[in-house]
Amino acid sequence: MNNSHLDPFLEASTFVELLHRRAHQHPEREAYTFLIDGEVEGDRLTYSDLDRRSRAIGAWLQQHVEFGSRALLVYPSDLEFITAFFGCLYGGVIAVPTYPPQTRTRRSLEKVQAIIRDVQPAVILTTSSLLSLVESVFVQAQELQAVPLVTTDTINPILAERWHDLAVDSDTLAFLQYTSGSTGMPKGVMVTHGNLLHNAALISQHFELSPEIRGVSWLPLYHDMGLIGMALQTIYASIKITIMSPAAFLQRPIRWLQAISRTRATASAAPNFAYDLCVRKITPEQKAELDLSNWTTAFNGAESIRQETMERFAEAFAPCGFRLEAFTPCYGLAEATLFVSGARKAALPTVRTLQTTALAQNQVVVTGSNSTTEPEKSQTFVGSGHAPAGLKIMIVNPETCIQCLPDEIGEIWVSSPSIAQGYWQRAEETQQTFRARLASTGEGPFLRTGDLGFLQDGELFVTGRIKDLILIRGRNHYPQDIELTVEESHPALRPSGGIAFSIDVLGEERLVIVHEVERQFRNLDVEEVVGAIRQAVARQHELQVYAVALVKVGSIPKTSSGKPRRNACREKYLARVLDMVGEWTLSAEESEGETSSFETSEHGKQEELSPEQEPQTVVGNGRRMREELLLVEPAERQRLLEEYIRGRIARVLKLSPSLLDVQRPFNSLGLDSLAALELKNWIEEELQVQVPITAFLQEPGIAQFAAQLLEQLAQTPSSQSMLPLLIEPQSASERGNDRNGTISEISPQKAEQLLTQLDQLSDEEITALLDQLSS
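My numbering applies: residue 1133 is where the sequence shown begins, and numbers increase by one.
Here is the structure:
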């Protein structure tokens, strides 16, 4: 393989040295472009721009912060983050990326506060756009009273001339990558400059990256896949990256593919759920405008990779030029800096189907295409490719620490110069996780990943996790966090008597809660308890609960020391052998194909869901909803809008609208952040109003939200809001099924109001108004 384009840089010992060289050799070459709202090109950075701005930030840090101190980075996922990250590298300060905390959830604030306590930052770096939020979040933290808060976008660029090179080498810590941790205890992975460079080299060489590559990314820059897998490759392999925020993609997935199409990008990456989201949300009309024929490397990683997802996506976007062989499954983790294995370019994904009974015994028994094994007794896995040169993967029995036989499933162990140095200030956990050795030979050290898998023909297949982490839509959730939330949600739930786990439902990981009920609650109100659980989990974790099983005391399997056995509980739940006193599922589907919602221990149905087909809104075409509201009498508008919102929520949750009480708080419905984004997008597009996503994750219910929307609609001048002034609504008896009114005689008061509003309309809106009046 020709790596001549990298040769001058392979001897660099840090990314500071590497970027400095890029800036001198190709100062005007564009490195990054940011898309505002995922669509409009905004800021750009050349190598020279990035080097100069990073030197200015680095110089400020050299003047005010001691070498080796920690800097907390609180940024949106944009170019300001990139300049601040490199500014820390230039300044000899350890960068600690974190996401902007959301004030709506206690969990979000607690995680950031735990990171602060762990790293004791010498400075907090942010941007002017987030300053007020950061101040409001950190104002009560006593340990931060003396910590300076600096907006890096206001640092004088002249400071770049005062920067001086420091004694930074490959062994110097570059940044701390914090992993999802249990409450109050996230863990910081210590990544050196050498780790970063080595892993960047593995990625670049394994996937044959070159300056001709163009990439598009919406992945969070404060996570390893977005930062190391995409953004840093701009510096290492000299590729050009177009960046948008994660929110821009989630609100309208088409933006991601439009950017790939418009820039003729050849590489992009996403977790499995993002490809599913595109299949579900992108319309045929939108597809017709896409050209994905240049997209030859579609990385798929960060969560379970599903054959069905890749096949659905390839089929859906084949007319746009996308090919199945563009999919590039890969595997990695923060403890390995990022990259561990990946498929080769232009090859169809490798798939293996294993017998479930053998799988349960950690045995690899592959079923062939002519196998008589029933589909429900087999499980399909997608290969995550081969290890690159310079990295070793071994499959090891996690209990005996002896290498597994080729047909055995074991823990994935990894050895490579990319392996991070350990967990920040956690010597015991570092020793256990990063310093493992084979019991038989003493070979090591290895990183214990906590993931299970097997190797076949040199390719890695990931089958599950030893750890109890719950991975839903690309996010890790610790079950003990969720279990504590559930336990505190209702007095009927026994302390330390619950277990949370995920199950596969139609190709998607879904959350299940099993909890013991106190003996004194004889006449249990299942719906009340389930509602409390769903509300608490949605509010604290932004997760939708799929199923709840309320069981008798003593039903939860535990170890001899009293620790919950989550896998054993999951197996009992799936086998339906738990001693239940009440049960609830979000979907109408049960494993036996029954349709039920709430059930008592006698399995008497308390309430039934609607048939499986997706519920429809009661008002028909949502895009006409604003016009509908403005044409009916004021007294009817509240009811009509409530029905519309209830229908939209029912569609997201796959429930009958009749099951949704308009007075019930949103945060009791089990809406997660992705569902809330979907609702926000619908309502903003169809009603032409601005709605914060937090509206669907807080207390107000449908009725109160509808009233707020009506107030907003009344204050928003537009061509639609002019119609009531020109059209006199008929009474319901006169109107029948006809929504059209008649042009009314305009009173002096109406005329004055009309002229005032006409002055505020654009030419396009006036034209649209005339079209509506003449139709």
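Virtual Cβ for every residue (Gly too), placed ideally from N, Cα, C. The structure presented is a predicted model; accordingly, all values stated were derived computationally and were not measured.
- DSSP assignment within the region 1555-1594 yields the following whole alpha helix (DSSP H) runs of 4 residues or more, N-terminal first: 1559-1566.
- In the assembly as shown, E1173 is an exposed residue. Its beta-carbon has fewer than 16 other beta-carbons within 10 Å.
- With fewer than three CB-CB distances shorter than 8 angstroms, the region 1516-1524 does not count as touching the region 1560-1572.
- With respect to the C-alpha of P1481, the residue from P1451, Q1493, I1437 having the closest C-alpha is I1437.
- With fewer than 16 other CB atoms across the displayed protein chains lying within 10 angstroms of its CB, H1156 is exposed.
- The Cβ atoms of V1618 and V1546 do not sit closer than 8 angstroms to each other.
- By the neighbour-count criterion, in which 16 or more other beta carbons inside 10 Å mark a residue as buried, D1356 falls on the buried side.
- Rounded to whole angstroms, the gap between the alpha carbons of I1551 and R1580 is 10 angstroms.
- One thing to note: Y1207 has its Cβ no nearer than 8 angstroms to the Cβ of I1247.
- Sequence-distant Cβ neighbours of E1443 in its own chain, meaning closer than 8 angstroms and more than five residues away, are L1456.
- Boundaries of the beta strand (DSSP E) harbouring Y1463: 1459-1464, taken from the DSSP string.
- With respect to the 8 angstroms criterion, T1485 and S1510 are classified as neighbours on the basis of their beta carbons.
- Straight through space, the alpha carbons of L1177 and I1614 are spaced by roughly 41 angstroms.
- By the Cβ neighbour-count rule, P1824 is exposed, with fewer than 16 other Cβ atoms within 10 Å of its own.
- Following the DSSP letters along the chain, one finds D1183 inside the alpha helix (DSSP H) bounded by residues 1179-1196.
- Take Y1354, set aside five residues on each side of it, and the residues of its chain with a beta-carbon closer than 8 angstroms to its own are L1205, Y1207, S1209, F1213, P1229, T1230, Y1231, in chain order.
- Judged by beta-carbon spacing, V1348 lies beyond the 8 angstroms limit of I1414, meaning their Cβ atoms are not closer than that value.
- With fewer than 16 other Cβ atoms inside 10 Å of its own Cβ, P1627 counts as exposed.
- Contact between E1440 and G1639 holds: their C-beta atoms lie close to 5 angstroms from each other, under 8 angstroms.
- In chain order, V1411 place their CB closer than 6 angstroms to the CB of A1448, counting only its own chain and leaving out the 5 sequence neighbours on each side.
- Annotation: the region 1406-1478 contains the following complete segments of the beta strand (DSSP E) (minimum length 3 residues), in chain order: 1429-1432, 1459-1464, 1471-1474.
- With respect to the C-alpha of L1675, the residue from K1477, A1808, Q1652 having the closest C-alpha is A1808.
- In this structure, the straight-line span from the alpha carbon of Q1535 to that of M1526 is close to 7 angstroms.
- Taking C-beta separations shorter than 8 angstroms and ignoring five residues to either side along the sequence, the partners of A1144 in its chain run L1150, R1153, L1329, following chain order.
- Distances from the CA of N1404 to each of F1445, S1186, C1220, V1300 were compared; the closest alpha carbon is that of F1445.
- Secondary structure note for Q1612: its alpha helix (DSSP H) is the uninterrupted segment 1611-1619.
- The alpha-carbon of E1267 is positioned some 36 angstroms away from that of I1371.
- Judged by DSSP secondary structure, W1716 falls within the beta strand (DSSP E) whose first and last residues are 1712-1717.
- H1673 sits buried, since 16 or more C-beta atoms from the chains shown fall within 10 Å of its C-beta.
- A direct Cα-Cα distance of roughly 42 angstroms separates A1399 from P1797.
- Cα atoms of K1477 and S1342: separation of roughly 14 angstroms, rounded to the nearest angstrom.
- Residue K1704 holds the alpha-carbon nearest to the alpha-carbon of I1645 among G1542, E1543, K1704.
- Going by DSSP, Q1487 is part of the beta strand (DSSP E) stretching over 1483-1487.
- DSSP places T1215 inside the alpha helix (DSSP H), whose first and last residues are 1211-1223.
- Rounded to whole angstroms, A1664 and T1717 show a C-alpha spacing of 14 angstroms.
- DSSP places F1166 in the uninterrupted beta strand (DSSP E) bounded by 1162-1168.
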